[in-house]
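Protein chains in written order, with the working numbering: chain A, 2 to 293; chain B, 2 to 293.
In what follows, a structure is listed as structure tokens, so that the remarks can point back to it.
There are 2 protein chains.
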Amino acid sequence: METRNLSAFLRVAELGSFTAAANELGYSQGSITVQIQQLEDELGTKLFDRMGKLTTLTSDGQAFIPYARSALQAIQEAENFAQDPHEMRGVLRFSSSSSLATNVLPGIIADFNREYPHIQIIMRLSDYMEEMTSRMKQNEVDIVCHLDTRNFFTDAITFYEKKEPVVAVANKDYPLIGKKRVKLRDLLYEPLLVTERAIGHTNYLEKVINDMGEVLQPTIEVSSSVALREILINSNRSASIMPYLVVKEAVEAGKLVLLDVDDLDIPMWSQFVYHKNKWVSPIMKAFIDFVS
Amino acid sequence: METRNLSAFLRVAELGSFTAAANELGYSQGSITVQIQQLEDELGTKLFDRMGKLTTLTSDGQAFIPYARSALQAIQEAENFAQDPHEMRGVLRFSSSSSLATNVLPGIIADFNREYPHIQIIMRLSDYMEEMTSRMKQNEVDIVCHLDTRNFFTDAITFYEKKEPVVAVANKDYPLIGKKRVKLRDLLYEPLLVTERAIGHTNYLEKVINDMGEVLQPTIEVSSSVALREILINSNRSASIMPYLVVKEAVEAGKLVLLDVDDLDIPMWSQFVYHKNKWVSPIMKAFIDFVS
DNA sequence: CCAGGTTACGTTTTTCGTAAGCATA
DNA sequence: TATGCTTACGAAAAACGTAACCTGG
């Protein structure tokens, strides 16, 4: 059963005439005859009595009107679903490292939500790159936010990136506090807390240290830098190397202290990406434009 | 927007695969691609993300599912409307002479209604043949019940007919009561009440009388035989000629008396007919079978 | 190399308009 | 005779299958 037959039926029923319906719908007279016949054959019943010049609905035809109407209306609603005042309604799914999720994204998302209140945000935290990669490739998330070297993902398009300084930071009783031009190497002989080595800046840090002919042997190794920050605050005489954005507040509150390490250069970038084969929906586009 | 595209869309959404949907629906792989593309073009949005081997719904695709479902369901209900357990639901429209409507049809319709309680009966009374003819030709009624000579309507098919005797009947103080072999001519010199001459049996009666070289000059002329019967009962020394079925009860109750007129032969038939070009709906067929 | 979606192209099916046919007012 | 529905037939359009193509795992 096709929509065109239903439209034809309703017009004929309204106008009481095949000819008039044909004119209104832009068909020839004969086409309407055929369309009504098709419908009658499909339904196995007669919809109109053709009595000479008089065309009237049969009892079944009368009864069929509401069915035809509701079917056509449902079709029409389906056709208009994308056009109607959407006001950007839908879902936007993120996978983010915990550092960005707790320190950068909250502000952005709050602002975005204020502008697009009907876009639901789903945020999955993960500090494991494999998990984020997998979610992106499985299309379980729309956008991945991570902090790493540039162009980390090969199958991704980056639509936002910002260099994030990686700093050496210590709690208040750390020995090297206040000392100028500390060398990275010096930190290795004091207690050092780092995140898991699979995580971007620590991974890079380890390579730098190895290139120096040294070995990274941290006292404590934690997966999340947010968790690590809390540990650091509560530990004794310890330092860590991590993105500034994670410790910014703690430093400003005086809970942690920055160290002046002059050979520390870890080029970490916060990056928002999506899979290169993914269709950029209007919702995604709204977010992309929003952060640009 | 055609139903086939909607079915394809829902299958692909369910199975997460163009190929699998093609197999289930009996299409080739390429056809599904085209169908989804058509739908996406019509809607102006992307319904699926094709990421290598992975096919997943976009946000719009997810949102479209309920629209597709409800449209398809409405279509399906429309397709099944004639097949579903109808239990003979609908309307049957009658036009009947008042004589049949008050004396014959009530019993038939009561029985019919007991068997088909969901068929609504609409009964229009008329004693004017032109009105009944017009209603039949305008398809304002399905069935015409009338009492007249056989084959009165040229454009009608008769599915039930029964000869109805036309009798001479009088009130209790009529002079000729009890007399054997009264001649029709004798009645003309006593008060005679008849229906309008346009009505079947009176029309025929007038011709018979004219053929006898006499003239019909009735005392009273009423359009409805039912009304005439009541007048007759309440009049003095009067007779009438009318179908027996109209006066049967009154005679049996002793309110009126039959006269023994031996040259009275008016061949009236009660007939149920419908227009020859009218489609015989299941409902009409039920009634036709019922009275046969 | 395989699996899965896309594209191009020829075949088949469906739809449509034209015009003749038929019945009715 | 004029109007309105039906029917037949050829043209146009749409849908479909095949198969080559491209891409990602």
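The C-beta atom is built at its ideal place from N, Cα and C for all residues, glycine as well.
Next on the checklist: Here's the rule I'm using: 16 or more other beta-carbon atoms within 10 Å means buried, otherwise exposed. How should A199/A be labelled?
Outcome noted: By the neighbour-count rule (16 or more Cβ atoms within 10 Å), A199/A is not buried but exposed.
Next on the checklist: Using a Cβ-Cβ distance cut-off of 8 angstroms, determine whether T34/A contacts chain B.
Outcome noted: Taking Cβ atoms only, chain B never reaches closer than 8 angstroms to T34/A, which makes this a no.
Next on the checklist: For the beta strand (DSSP E) containing I144/A, name the first residue and the last one.
Outcome noted: That run of the beta strand (DSSP E) goes 144–149.
Item to check | Beta-carbon proximity list for Y245/B, same chain, < 6 angstroms, skipping 5 on both sides | outcome: Spatial neighbours of Y245/B in its own chain (CB-CB distance under 6 angstroms, excluding positions within 5 residues in sequence) are listed in chain order as P166, V168.
Item to check | Residues of its chain near G17/A, where Cβ-Cβ distance is below 6 angstroms and the 5 sequence neighbours each way are ignored | outcome: Residues T56 of the same chain have their beta carbon placed closer than 6 angstroms to that of G17/A, with the five preceding and five following residues left out of the count.
Item to check | Candidates N104/B, R12/B, I120/B, A69/B, of which the one nearest L93/B by Cα | outcome: In this structure, I120/B is the residue among N104/B, R12/B, I120/B, A69/B with its C-alpha nearest to the C-alpha of L93/B.
Next on the checklist: Using the three-state DSSP reduction, which class does S239/A fall into: helix, strand or coil?
Outcome noted: Correct three-state label for S239/A: coil.
Item to check | Alpha carbon of L106/B to alpha carbon of S99/B, nearest angstrom | outcome: If you take the alpha carbons of L106/B and S99/B, they lie about 10 angstroms apart.
Checklist entry - Among residues of its own chain, excluding the 5 on either side of F291/B, which ones have a beta-carbon nearer than 6 angstroms to its beta-carbon? => result Excluding the 5 residues flanking it on each side, F291/B has same chain C-beta neighbours closer than 6 angstroms at F113, in chain order.
Item to check | Exposure of L259/A, with buried meaning 16 or more beta-carbon neighbours within 10 Å | outcome: With fewer than 16 Cβ atoms within 10 Å of its Cβ, L259/A is classed as exposed.
Checklist entry - Of the choices K256/A, Y129/A, L73/A, whose alpha-carbon is the least far from that of Y1/A? => result Outside the displayed span of chain A (2 to 293) sits residue 1/A, for which this structure offers no information.
Checklist entry - Along chain B, in chain order, which residues have C-beta atoms closer than 8 angstroms to that of N278/A? => result The contact set of N278/A on chain B, defined by CB atoms closer than 8 angstroms, consists of D50, R51, M52, G53 in chain order.
Next on the checklist: Quick check on K47/A - is its C-beta less than 8 angstroms from some C-beta in chain B?
Outcome noted: Proximity of K47/A to chain B, defined by a Cβ-Cβ separation below 8 angstroms, is satisfied.
Item to check | Which residues DSSP lists as bridging S97/A, in chain order | outcome: Looking at the DSSP output, S97/A bridges to L126/A, C146/A.
Checklist entry - With a Cβ-Cβ cutoff of 8 angstroms, do N278/B and I234/B count as a contact? => result Contact flag unset, no.
Checklist entry - Straight-line CA distance for E132/A to A69/B? => result Their Cα atoms are separated by approximately 34 angstroms.
Next on the checklist: Three or more C-beta pairs under 8 angstroms: does that hold for the segment 31–41 of chain B against the segment 7–17 of chain B?
Outcome noted: With the rule of 3 Cβ pairs closer than 8 angstroms, the segment 31–41 of chain B counts as touching the segment 7–17 of chain B.
Next on the checklist: Using a Cβ-Cβ distance cut-off of 8 angstroms, determine whether N17/B contacts chain A.
Outcome noted: For the record, residue 17/B in the displayed sequence is Gly; it is not Asn. Not closer than 8 angstroms to any Cβ of chain A, the Cβ of G17/B fails to qualify, so no.
Checklist entry - Which whole-angstrom value is the C-beta distance of K184/B and V262/B, which I expect to be below 8 angstroms? => result Contact between K184/B and V262/B holds, with the beta-carbon distance rounding to 7 angstroms and staying under 8 angstroms.
Checklist entry - Does E92/B come within less than 8 angstroms of chain A when only Cβ atoms are used? => result The question names Glu, yet the displayed sequence has Val at residue 92/B. At least one CB atom of chain A sits nearer than 8 angstroms to the CB of V92/B.
Next on the checklist: Between which two residues does the alpha helix (DSSP H) holding S271/A run?
Outcome noted: First-last for S271/A: 269–276, but that is the beta strand (DSSP E), not the alpha helix (DSSP H).
Checklist entry - Can you find a CB in chain A that lies within less than 8 angstroms of the CB of S71/B? => result Under the Cβ criterion of 8 angstroms, S71/B is counted among the residues facing chain A.
Checklist entry - Tell me, which residues are paired with V1/B by DSSP? => result Because chain B is modelled from 2 through 293, residue 1/B falls outside the range shown and cannot be assessed.
Next on the checklist: On the DSSP bridge list, what partners appear for M52/A?
Outcome noted: Its beta-bridge partners are L55/A.
Checklist entry - In three-state DSSP terms, what is V35/A? => result Note: V35/A maps to helix in three-state DSSP.
Item to check | Classification of V227/B by the beta-carbon crowding that lies within 10 angstroms, buried from 16 upward | outcome: Result: buried.
Checklist entry - For G1/B, which three-state DSSP category applies? => result Limits of chain B in this structure are 2 at one end and 293 at the other, which puts residue 1/B out of reach.
Item to check | CB contact check: M2/A to chain B, cutoff 8 angstroms | outcome: It does: the Cβ of M2/A has a partner Cβ on chain B nearer than 8 angstroms.
Item to check | Identity of the residue in G45/A, E116/A, G53/A nearest K138/B by Cα | outcome: Looking at G45/A, E116/A, G53/A, the one whose alpha-carbon comes closest to that of K138/B is G53/A.
Next on the checklist: My output table needs one value for E191/B: the three-state DSSP class, helix, strand or coil.
Outcome noted: Residue state, collapsed to three classes: coil.
Item to check | Within chain A, partners of Q139/B - CB distance below 9 angstroms | outcome: The contacting residues are M52, L55, T57.
Next on the checklist: Once the 5 residues before and after L26/A are set aside, which same chain residues still bring their CB inside 8 angstroms of it?
Outcome noted: Closer than 8 angstroms at Cβ, skipping near neighbours: S8, A9, R12, I33.
Item to check | Whole-number beta carbon distance between G108/B and I284/B, since they are thought to touch under 8 angstroms | outcome: The Cβ separation is near 20 angstroms, so there is no contact.
Checklist entry - In chain order, what residues of the segment 93–119 of chain A put their CB closer than 7 angstroms to some CB of chain B? => result Answer set for the segment 93–119 of chain A: empty.
Checklist entry - In whole angstroms, what is the alpha-carbon distance linking G45/B and S282/A? => result Cα to Cα, the separation comes out at about 11 angstroms.
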